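**Student:** Just so you know, the sequence shown maps onto residues -1 to 88 in the working numbering.
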Amino acid sequence: MRNLLLFVLFLIGLFYVRRALRRGAGGRGGAAGSRADGGGAAAEDSRRVLDAEQMVACAHCGLHVPESESVRGSGEFFCSDEHRRLGVRR
Ligand SMILES: [Zn+2]
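Set out below in structure tokens:
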């Protein structure tokens, strides 16, 4: 009975690991085999890098903001609409 419980827990763990790997690495198979320490950690690191958004510096004040939250104007990135209006400060 205890072995069955452990087996079910193992299956649940496997399911989560496979789902996480599929989401990150674009459906790369062999999750059960490559789960061992080194490879798994490396895959997780590269996934974090891919997930991390590119930071851009405001051309006016130098503040770093995620690219999706930045305001673009005249080929530069700005942290806010006001700084875009104020323009580039050298
Ligand atoms: Zn700014």
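For each residue, glycine too, the CB sits at the ideal point set by N, CA and C. This one's a predicted model, so the numbers in the text were calculated from it and none came from an experiment.
Report whether the distance from the Cβ of F101 to the nearest heavy atom of ligand 1 is below 7 Å.
**Tutor:** Here the chain comprises residues numbered -1 to 88, so residue 101 is not present and cannot be evaluated.
**Student:** Quick check on G22: does DSSP put it in helix, strand or coil?
**Tutor:** By 1-based counting over the sequence shown, the position of residue 22 is 24. In the structure shown, G22 sits in a helix (DSSP, three-state: H, G or I).
**Student:** Buried or exposed for H62, going by 16 or more other Cβ atoms inside 10 Å?
**Tutor:** Position 64 of the sequence shown, counted from the start, is the residue given in the question as residue 62. Label assigned to H62: exposed.
**Student:** Within a Cβ cutoff of 7 Å, which residues of the same chain sit near S78, ignoring the five residues on either side of it in sequence?
**Tutor:** The count along the sequence shown starts at 1 and reaches residue 78 at position 80. Correct list, in chain order: V69.
**Student:** Thinking C-alpha only, which one of F76, A40, G85, G71 is nearest V54?
**Tutor:** Residue mapping note: residue 54 aligns to position 56 of the sequence shown, counting from 1. It is F76 whose Cα lies nearest to the Cα of V54.
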